[in-house]
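A.B. asks: Numbering (my numbering), first residue to last: 412 to 536.
Cβ atoms here follow ideal geometry from the backbone N, Cα and C, with glycine treated the same way.
Right, dumping it as structure tokens:
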């Protein structure tokens, strides 16, 4: 399962509560990328290959929304698709209570307010 990760800072846009329609978008080398803010886009534009190398191989736990290297995750099969988790057993237990919610949240299909809630967003804006 893939969820949008800012290629400049490595943050999950879902964890930050950034809705798809509010995310900063940029096309690079024929691929669409999503950014948490204009500052990260500006950083990316100065050295896209470095940013992409630093964030390659990151995935997001569907429950705690931690960004982890794929090599530091546990994989389960859900409806024939692999879902990667941080190594916390609590996250697996919570996922099994409402898996469809967590899958939808990773796919930007919920209005999750993010870790900052409604009070503040990432980058202090």
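So what does DSSP say about residue 520, is it helix, strand or coil?
C.D. replies: Coil.
A.B. asks: Under a three-way DSSP split, which group does residue 448 fall into?
C.D. replies: The answer is coil: DSSP assigns residue 448 none of H, G, I, E or B.
A.B. asks: Please list, in chain order, all residues of the same chain as residue 472 whose beta carbon is under 6 Å from its beta carbon, the five residues on each side excluded.
C.D. replies: Within the same chain, residue 472 has close Cβ partners 496, 497 and 502.
A.B. asks: With a threshold of 16 other CB atoms inside 10 Å of the CB of residue 481, please say whether the residue is buried or exposed.
C.D. replies: Under this definition residue 481 is an exposed residue.
A.B. asks: If the criterion is Cβ atoms closer than 7 Å, does the pair residue 423 and residue 429 meet it?
C.D. replies: No, the pair does not count as a contact, with Cβ atoms beyond the cut-off.
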